[in-house]
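Only one structure is covered here, and it is reproduced in the block below.
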């Protein structure tokens, strides 16, 4: 029971973390009515996980040999793209909130783009979802006492991950908006960098990218096969023996992403997007703007 | 320009994938029965890529995982999955059933 608890807790924690952050984010910008995007994304992710799990269970041949890997790699890089974009977007909002002159939020953009948080919820759940579904399904197929102990452990693990996500939501609400943006930007930066380097590692494992030697070995210090190391591996991409490509990709992402944002930093109105016109504001825009003012006051 | 570059990169990746698939490396059988890998030590020649043919004879799905080689593969009950392994440097590469952590084995390349 304990073992299955750990497996599902680890698999579900990343999803819970992302959901917690995204819900808190919407709460903070006064867009609670957009929670449904996240809930829908999460539910769709769950549905896709069950479908994928079923597909794997009944697939065979080349489809089974390569299919799951290709889907995993695609989801990983899609998630990296989403998180990258979202990180940049959050920073924009954080700045808009901070600046007293830029009180006016880009309402149109805010409402038009909030559905992306649903996509983040979807990929967050779907990434490890199929695996977890298959794992639980395997436990349930063992109908003896030990099997049911395992099932309850597995379900408890998911529950614990959910509770942690909820705790993040509650805790995140207490933080000041500025601090929340800073903390989540940082966490998401490392989650995205970890995903990026995981994707590179997968491509190396598949033989798509050439294999490279491990750059260093910290397995004596913190093995990535242990609980803590494995947990950090799933969350921020910790590897005890990272290949040159993985470490390079990680470093490039962490260093490169803030640089990428730099051009926009000084002039948020650059690129002359017509979407900034207040005429295109959505009906609920005043409410968001009010929430911002309340938070900055 | 950027699109052209992206297209070229994608083309390169696709070509590499096709090349990797076209090769015909030797196959080595690995079976899981009663939560044990058979054999639990696989000896291979260093520097030669190979294919692990993993068969799960148990009633529950397993996940063949080799952290070192960045390989993770779910094998449903009764199914067989082919796992391509790249040319290895001499050394020991432990693997585990990620769904049952007491089930372990290793690949030894020499």
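Protein chains in written order, with the working numbering: chain R, 1 to 297; chain A, 1001 to 1110.
A virtual CB, placed ideally from N, CA and C, is assigned to each residue, including glycine.
Check each candidate in the options and name the one with the smallest Cα separation from residue i.
| i | options | result |
| --- | --- | --- |
| residue 1088(A) | 1075(A), 1110(A), 1097(A) and 1095(A) | 1110(A) |
| residue 194(R) | 221(R), 256(R) and 239(R) | 239(R) |
| residue 1057(A) | 1068(A), 1080(A) and 1028(A) | 1080(A) |
| residue 248(R) | 216(R), 83(R), 25(R) and 235(R) | 216(R) |
| residue 47(R) | 128(R), 254(R), 200(R) and 257(R) | 128(R) |
| residue 298(R) | 221(R), 250(R) and 169(R) | Outside the shown range of chain R, which is 1 to 297, sits residue 298(R), and nothing can be said about it. |
| residue 6(R) | 135(R), 126(R) and 39(R) | 135(R) |
| residue 257(R) | 211(R), 84(R) and 201(R) | 84(R) |
| residue 213(R) | 243(R), 198(R), 11(R) and 219(R) | 243(R) |
| residue 191(R) | 245(R), 60(R), 30(R) and 254(R) | 254(R) |
| residue 10(R) | 1106(A), 1098(A) and 1085(A) | 1098(A) |
| residue 1024(A) | 1031(A), 1072(A) and 1085(A) | 1085(A) |
| residue 224(R) | 34(R), 198(R), 211(R) and 245(R) | 198(R) |
For residue i, which residues in chain R fall below 8 Å Cβ to Cβ?
| i | result |
| --- | --- |
| residue 1060(A) | 138, 139, 141 and 142 |
| residue 1069(A) | 205 |
| residue 1029(A) | Under the 8 Å cutoff, chain R gives no residues; its nearest Cβ is about 15 Å from residue 1029(A). |
Mind pulling the chain A residues with CB within less than 7 Å of residue i?
| i | result |
| --- | --- |
| residue 81(R) | Residues of chain A passing the Cβ test: none, with the nearest at roughly 12 Å. |
| residue 14(R) | Within 7 Å Cβ-Cβ: nothing; residue 14(R) doesn't reach chain A, min ~15 Å. |
| residue 68(R) | 1074 |
| residue 201(R) | 1070 |
| residue 224(R) | 1067 |
Which chain R residues are close to residue i, counting only those with a beta carbon under 7 Å from its beta carbon?
| i | result |
| --- | --- |
| residue 1082(A) | 65 |
| residue 1086(A) | 207 and 211 |
Rounded to the nearest angstrom, how far is the Cβ of residue i from that of residue j, given a contact under 8 Å?
| i | j | result |
| --- | --- | --- |
| residue 159(R) | residue 16(R) | Wrong, their Cβ atoms sit about 10 Å apart, outside the cutoff. |
| residue 1050(A) | residue 1077(A) | No, residue 1050(A) and residue 1077(A) are not in contact; Cβ-Cβ is about 25 Å, not under 8 Å. |
| residue 1052(A) | residue 1083(A) | 4 Å |
| residue 62(R) | residue 119(R) | Actually they are not in contact, since the Cβ atoms of residue 62(R) and residue 119(R) sit about 29 Å apart, beyond 8 Å. |
| residue 124(R) | residue 19(R) | 6 Å |
| residue 122(R) | residue 234(R) | 18 Å between Cβ atoms; not a contact. |
| residue 50(R) | residue 126(R) | Actually they do not touch by this definition, with Cβ atoms about 10 Å apart. |
| residue 169(R) | residue 24(R) | 5 Å |
Could you name the residues of chain D that residue i contacts, counting a contact when the two beta carbons are closer than 7 Å?
| i | result |
| --- | --- |
| residue 56(R) | Looking for chain D here will not work: the only protein chains present are R and A. |
Can you pull the chain A residues whose beta carbon is under 9 Å from the beta carbon of residue i, in chain order?
| i | result |
| --- | --- |
| residue 7(R) | 1098, 1099 and 1101 |
| residue 249(R) | Residues of chain A passing the Cβ test: none, with the nearest at roughly 13 Å. |
If the cut is a Cβ gap below 8 Å, which residues of chain A does residue i touch?
| i | result |
| --- | --- |
| residue 126(R) | Going along chain A, no residue has its Cβ under 8 Å from residue 126(R), so there is no contact; the nearest lies around 15 Å. |
Taking C-beta pairs closer than 9 Å, name the residues in chain R that residue i reaches, listed in chain order.
| i | result |
| --- | --- |
| residue 1063(A) | 131, 134 and 135 |
> Would you call the region 164–175 of chain R and the region 201–209 of chain R in contact, with 3 or more CB pairs under 8 Å?
Replying inline: no
> Is the region 174–186 of chain R touching the region 147–154 of chain R, taking contact as three or more C-beta pairs under 8 Å?
Replying inline: no
> Taking the runs of the alpha helix (DSSP H) that are 4 residues or longer, which of them lie wholly in the region 113–161 of chain R?
Replying inline: 115–141
>> Contact between the region 70–78 of chain R and the region 1089–1107 of chain A is defined here as three or more beta-carbon pairs at a separation below 8 Å; is this criterion met?
In response: no
> Is the region 1032–1052 of chain A close to the region 180–190 of chain R, with three or more CB pairs under 8 Å?
Replying inline: no
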